[in-house]
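Asks: Structure incoming, see below.
Numbering (the numbering used here), first residue to last: -15 to 370.
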């Protein structure tokens, strides 16, 4: 083992271990400080494990570094079993990153809180590990052909896909936090991370010193990005309105009075005017939250649901921000007013006692056509609306 290789491997192990411990410590501290916000729904604990899975991915880097050191020290680096171990650890690392993306609010919609698609991609990861195993153990004589490590190709393709998802998620997250420069840098770093893996497949790509240097820079920078990401998460949770401090009153058709002290909004009246669809949708959420029980407190927001698209939720928030003329630090996000509780269901975050609906307005709403479901809601809870 050359001194350059030994320096790279030991640095890789140390940096990865420190980064993993930092992320794990931050996640644990956040869980303790913001437990109420992260578990505000009684029937489904909204435990955010994004940072936890990122830290586990870092620990896989540590194990990978130890495996590489053992391969060099005991001289079995050129064997198929060593290559299989490297690629398998990389696949497990990708799996943890994918599970972390499940909790990224600004991840692509087919990933964020989508258990069905996550399971599908996990199956793809498992299939990739099987293909890697077959290539590493049953085609040892042709493991490297024309300077290409064949067993590493499936892993490289999978890593490219995960880097693509991670790049989009990080850029969206930072840009929505007003950190556009950090978002651009994060994309460049993730591209560097992917490029650092090319030498694992194309064995003649670059020189050992350059390749190892790129890997160290890429992984150190990625850990820094994750730490910044953790910081933005803390700030986001600290500024997130608490359900028991928010109030909303429906005064008349299109008129709503809302109070969100955390955002500097105190008894502000919102006139939705001609935007009746947004107003009615918000009123539906309020009625269900105030008078419903269990799943009846929420609405299905998906194709075929009572609200057919999540865009309608975004429009409520956008219209509210526009009407109130809130500045950049006060702008409401969808998560401030709505809680995702799984299976395409969303619920208003205010507690029922802080929701007020004018009696005349409620009577008129329940008597309008196509609101039979709400009449049944009142009947099931022995409530009168006449």
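Glycine included, C-beta positions come from ideal geometry on N, C-alpha and C.
How far does the beta strand (DSSP E) with residue 249 in it extend, from its first residue to its last?
Replies: Its beta strand (DSSP E) spans residues 249 to 255.
Asks: In whole angstroms, give me the CA-to-CA distance for residue 87 and residue 71.
Replies: Using only the alpha carbons, I get a separation of about 25 Å.
Asks: For residue 35 and residue 8, what's the separation of their Cα atoms in angstroms?
Replies: Answer to the nearest angstrom: the Cα atoms are 7 Å apart.
Asks: Going residue by residue through the segment 26 to 73, where are the continuous alpha helix (DSSP H) segments of at least 4 residues, counting only ones entirely within it?
Replies: Here the runs fully enclosed are 34 to 57.
Asks: At what residues does the beta strand (DSSP E) containing residue 331 begin and finish?
Replies: Start and end: 329 to 332.
Asks: Identify every run of the alpha helix (DSSP H) within the segment 208 to 243, keeping only runs that are complete inside it and at least 4 residues long; order them along the chain.
Replies: If we require 4 residues or more, the segment 208 to 243 turns out to have no alpha helix (DSSP H) run fully inside it.
Asks: Can you give, in chain order, each stretch of the alpha helix (DSSP H) that sits fully within the segment 131 to 173 and has at least 4 residues?
Replies: If we require 4 residues or more, the alpha helix (DSSP H) runs fully inside the segment 131 to 173 come out as 137 to 160.
Asks: Quick check on this structure: which residue in -5, 74, 288 has the alpha carbon closest to the alpha carbon of residue 142?
Replies: Of the listed residues, the one whose Cα sits closest to residue 142 is 74.
Asks: Given residue 322, which residues of its chain have a CB within under 8 Å of its CB, disregarding the five upstream and five downstream residues?
Replies: For residue 322, where only same-chain residues beyond five positions count, the Cβ hits under 8 Å are 269, 297, 330, 331, 332, 333.
Asks: Just verifying my parser: in three-state terms, what is the DSSP assignment at residue 125?
Replies: With a pLDDT of 47 at residue 125, under the threshold of 50, the modelled position of that residue is not reliable, and no figure is offered here.
Asks: Which value, in whole angstroms, describes the spacing of the CA atoms of residue 213 and residue 37?
Replies: In a straight line, the C-alpha of residue 213 is about 13 Å away from that of residue 37.
Asks: Suppose the cutoff is 7 Å on Cβ atoms and the five residues either side in sequence are ignored; what does the same chain contact list for residue 181 look like?
Replies: Answer for residue 181: 140, 143, listed in chain order.
Asks: For residue 32, count neighbouring C-beta atoms within 10 Å of its own C-beta (all shown protein chains included) and say buried if the count is 16 or more, exposed if not.
Replies: Buried is the call here.
Asks: Can you list, in chain order, the residues of its chain with a C-beta nearer than 6 Å to that of residue 245? Leave out the 5 residues immediately preceding and following it.
Replies: Closer than 6 Å at Cβ, skipping near neighbours: 229.
Asks: Say the cut is 7 Å; is the CB of residue 255 nearer than that to a heavy atom of the ligand ATP?
Replies: What this structure holds is no ligand at all, so the ligand ATP is not there to describe.
Asks: For residue 326, list the residues DSSP reports as bridge partners.
Replies: Looking at the DSSP assignment, residue 326 forms a beta bridge with 329.
Asks: Starting from residue 285, follow its DSSP beta bridges and name the residues at the other end.
Replies: Paired residue(s): 291.
Asks: Alpha carbon to alpha carbon, what distance is there between residue 65 and residue -4?
Replies: Distance between the alpha carbons of residue -4 and residue 65 is about 21 Å.
Asks: How about the segment 196 to 212 and the segment 170 to 180: do they share at least three Cβ pairs that are nearer than 8 Å?
Replies: Enough Cβ pairs lie closer than 8 Å, so yes.
Asks: By how many angstroms is the C-alpha of residue 83 removed from the C-alpha of residue 376?
Replies: Residue 376 falls outside the range modelled here, since the chain spans only -15 to 370, and no answer is possible.
Asks: Return the CA-CA distance between residue 115 and residue 47, expressed in angstroms with no decimal places.
Replies: Computed Cα separation, rounded: 22 Å.
Asks: If I follow the unbroken alpha helix (DSSP H) through residue 261, where does it start and stop?
Replies: Residue 261 -> alpha helix (DSSP H) spans 260 to 275.
Asks: Taking the C-alpha atoms as reference points, what is the distance between residue 303 and residue 192?
Replies: Going from the Cα of residue 303 to the Cα of residue 192 covers about 56 Å.
Asks: By the three-class DSSP mapping on this structure, what secondary structure does residue 304 have?
Replies: Note: residue 304 maps to helix in three-state DSSP.
Asks: Less than 8 Å between the C-beta atoms of residue 98 and residue 146, yes or no?
Replies: For residue 98 and residue 146, no; Cβs fall outside 8 Å.
Asks: Out of 157, 355, 320, 283, state which residue places its alpha-carbon closest to the alpha-carbon of residue 243.
Replies: The residue with the shortest Cα to Cα distance from residue 243 is 320.
Asks: For residue 340, which beta-bridge partners are listed by DSSP?
Replies: BP columns for residue 340 point to 233.
Asks: Please name the residue or residues paired with residue 186 in a DSSP beta bridge.
Replies: According to DSSP, which records beta bridges pairwise, residue 186 is partnered with 132.
Asks: Is it a yes or a no for the segment 91 to 106 touching the segment 49 to 62, going by three-plus beta-carbon pairs under 8 Å?
Replies: No, the segment 91 to 106 is not in contact with the segment 49 to 62.
Asks: Rounded to whole angstroms, what's the CA-CA distance from residue 112 to residue 104? Just pull it up for me.
Replies: Residue 112 and residue 104: Cα-Cα distance of roughly 12 Å.
Asks: In its own chain, which residues sit with a C-beta less than 7 Å from the C-beta of residue 305, not counting the 5 before and 5 after it?
Replies: Same-chain partners within the cutoff: 315, 316.
Asks: Excluding five sequence neighbours on each side, which residues of the same chain lie with their C-beta closer than 7 Å to the C-beta of residue 159?
Replies: So the list reads 167, once near-sequence residues are dropped.
Asks: If you follow the alpha helix (DSSP H) that residue 191 is part of, which residue opens it and which one closes it?
Replies: Here residue 191 belongs to no alpha helix (DSSP H), and DSSP marks it neither H nor E.
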